[in-house]
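Read the structure below first, then the notes.
This is how it looks when you write it as structure tokens:
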């Protein structure tokens, strides 16, 4: 390989968001009905990853489905349970 000036490429590891066993999967009670008839009837939450320069930030908001208002949110550098717990 040296005579032909060949070199091997090192591949990046595949991204895996969680290690270990997943918890209990909740029952689908919304069934794609994302609108509410009154405020504070349906709230949703999720975690979104943003890349900022070389760092990653994780945003966890609570969204009211009546008027799409953000009720609460938390930013963190790691996607851990404390991110959601602090938001609540």
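Residue numbers (my numbering): 1 to 88. Cβ atoms here follow ideal geometry from the backbone N, Cα and C, with glycine treated the same way. This structure is a prediction, so every number in the text was calculated from the model and none was measured.
Next on the checklist: On the CB-based measure, 16 or more other CB atoms within 10 Å of its CB, does residue 7 come out buried or exposed?
Outcome noted: The Cβ neighbour count for residue 7, taken over all protein chains shown within 10 Å, is under 16; the residue is labelled exposed.
Item to check | Integer Cβ distance of residue 59 from residue 70, believed to fall under 8 Å | outcome: Contact flag wrong, Cβ pair sits at about 10 Å.
Checklist entry - So what's residue 90 in DSSP terms, helix, strand or just coil? => result No statement about residue 90 is possible, as the shown extent of the chain runs from 1 to 88 and does not include it.
Checklist entry - Going along the chain, which residues of its own chain have a beta-carbon closer than 8 Å to the beta-carbon of residue 83, five neighbours each way excluded? => result If we look at residue 83 and ignore the five residues flanking it on each side, its Cβ neighbours are 47, 58, 60, 74 and 76.
Item to check | Through-space distance from residue 81 to residue 24, alpha-carbon basis | outcome: Going from the Cα of residue 24 to the Cα of residue 81 covers about 15 Å.
Next on the checklist: Please report the distance separating the alpha-carbon of residue 31 from that of residue 56.
Outcome noted: Taking the straight line joining both Cα atoms gives about 32 Å.
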